[in-house]
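Read through the structure below, which is laid out as structure tokens, and then see the notes.
There are 2 protein chains.
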Amino acid sequence: MLSKKTKYGLKALAFLASQKGKGPVQIAEIAKHETISQKFLESILLSLRKTGFLGSKKGKGGGYYLIKEPKEVLMTDIMRVLEGPIAMVPCVSLNFYEKCDDCPSEDDCSVHMLMLKVRDSALEVYRNNTLADLVT
Amino acid sequence: MLSKKTKYGLKALAFLASQKGKGPVQIAEIAKHETISQKFLESILLSLRKTGFLGSKKGKGGGYYLIKEPKEVLMTDIMRVLEGPIAMVPCVSLNFYEKCDDCPSEDDCSVHMLMLKVRDSALEVYRNNTLADLVT
DNA sequence: GATTATCCTATTAAGTCTATAGGGTAATAG
DNA sequence: CTATTACCCTATAGACTTAATAGGATAATC
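If you're matching them up, the sequences are chains A and B in order.
For the first sequence, this note's numbering begins at 1 and goes up steadily by one.
For the second sequence, this note's numbering begins at 1001 and goes up steadily by one.
Right, dumping it as structure tokens:
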């Protein structure tokens, strides 16, 4: 299940991409347009700023804006920041690898190979889509 | 994230597939071999029996056994029973469709199309893998 | 009829997710 | 310089889900 945080984050990013070139957009405007709790959205945008996707400007006329061109922003990078690992088990995660605590051996795990295939198929989608693809 | 229920269920099914032809296998034996809490596994096996994947025999010499040939059991069917929807949002789910409560319109949702692609890619993997593929 | 092993319900402990509260800080306009 | 605007940051609470446990009921076998 996709978390609300990720879903709202994606919607906000897509909205900002569609407003590209019009200067900073206020949280309140994004929240209203996408029907998202403003306070919750605030924390999501903050994390997107800290991870380098968004810039912000304070005070009157301030708001959030995209730093890169939508076409340059891969879905893999967005998803990892918002949702975390793309893999469904830590033992097949590229960026968040961990040994599964309930598995004595990865080679003997009947689930390992299947989840590897699922991860690869998801990765292919995310690698072939950018923020620009969310807008059109 | 894959739930423990699903992971344990898959491991149990794979073990039963590897023991195919040796008669019923006791819960205790499966739990020990896969290092799973026996009581928790009990409830998982029960749900797999109620959904037609496993048969069971009570009393001495009893246990669980596969009903179909491992090659005949598609991963799509197993995953839907154990994990639930394959889609990451209800609005792109084939078997568990629901309108997203936070979306006024699916056509205007920037996330919808992407999640459709992710679902399709996962489906392709699950449709091309059977229980037999977990064993080898 | 004693033993074995599945069947079934209820409950709890832990963790995560979503959202809210309440104020602090910086920039801008006049 | 001061009032206003809008982002910044931490803490916390409520709801929900998951993982696991407890305790016994039921059915089959020897």
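Virtual Cβ for every residue (Gly too), placed ideally from N, Cα, C.
Quantities reported herein were computed from a predicted structural model and do not represent experimental measurements.
Helix or strand or just coil, what does DSSP make of Tyr1008/B? In the three-state reduction of the DSSP assignment, Tyr1008/B falls in the helix class, which pools H, G and I.
Would you tell me roughly how many angstroms separate the C-alpha atoms of Lys117/A and Ser1037/B, rounded to the nearest one? 27 Å
Taking the beta carbon of Glu72/A as the centre, do at least 16 other beta carbons fall within 10 Å, making it buried, or is it exposed? Classification of Glu72/A: exposed, given that the 10 Å Cβ count is below 16.
Please identify the residue among Ala1087/B, Val1025/B, Lys1068/B whose C-alpha is closest to the C-alpha of Lys1058/B. Val1025/B
Just checking my contact of Val81/A with Thr51/A at CB under 8 Å: how many whole Å lie between their CB atoms? 5 Å
If you follow the alpha helix (DSSP H) that Leu1123/B is part of, which residue opens it and which one closes it? 1112-1127
Under the rule that 16 or more other beta-carbon atoms within 10 Å means buried, what is Ser1110/B, buried or exposed? buried
Would you say Lys5/A lies against chain B (beta-carbon separation less than 7 Å)? Closer than 7 Å: no.
At a CB-CB cut-off below 7 Å, which residues of chain A make contact with Glu1124/B? Ser121
With a floor of 4 residues, list each alpha helix (DSSP H) that falls wholly inside the stretch 48-109 of chain A, ordered by position along the chain. If we require 4 residues or more, the alpha helix (DSSP H) runs fully inside the stretch 48-109 of chain A come out as 75-82.
Is Leu2/A buried or exposed, if buried means 16 or more other CB atoms sit within 10 Å of its CB? buried
Grab me the residues of Leu1041/B's own chain with a C-beta within less than 7 Å of its C-beta, minus the 5 sequence neighbours each way, in chain order. Tyr1008, Ala1012, Ile1027, Ile1030, Ala1031
Would Asp107/A be called buried (16 or more neighbouring beta carbons within 10 Å of its own) or exposed? exposed
Do Ala87/A and Arg119/A have their C-beta atoms closer together than 7 Å? yes
Is it buried or exposed, Phe96/A, if we count other Cβ atoms within 10 angstroms and call 16 or more buried? Exposed, since its Cβ has fewer than 16 Cβ neighbours within 10 Å.
Skipping 5 residues on each side, what residues in its chain have a beta carbon closer than 8 Å to that of Thr130/A? Pro70, Lys71, Glu72, Val73, Leu74, Met75
Can you tell me where the alpha helix (DSSP H) holding Lys1032/B begins and where it ends? That run of the alpha helix (DSSP H) goes 1027-1034.
Is there a C-beta anywhere in chain A that falls below 7 Å from the one on Ser1047/B? no
Would Leu10/A be called buried (16 or more neighbouring beta carbons within 10 Å of its own) or exposed? Residue environment analysis places Leu10/A among the buried positions, since at least 16 neighbouring C-beta atoms fall within 10 angstroms of its C-beta.
Using 10 angstroms around the beta-carbon of Glu1098/B, count the other beta-carbons present and answer buried if the total reaches 16, otherwise exposed. Flag for Glu1098/B reads exposed.
Flag Ser1197/B as yes if its beta-carbon sits less than 7 Å from any beta-carbon of chain A, otherwise no. As displayed, chain B neither begins before 1001 nor continues past 1136, which places residue 1197/B out of reach and without an answer.
Is there a Cβ of chain B sitting closer than 7 Å to that of Leu10/A, yes or no? yes
Using the Cβ count rule (16 or more neighbours within 10 Å means buried), how would you classify Gly1063/B? buried
Any C-beta of chain B within less than 7 Å: which residues of the stretch 43-72 of chain A qualify? none
Alpha-carbon to alpha-carbon, Ser1047/B and Glu1083/B: 12 Å
If you follow the alpha helix (DSSP H) that Leu134/A is in, where does it begin and where does it stop? Annotation: the continuous alpha helix (DSSP H) that includes Leu134/A extends over 131-135.
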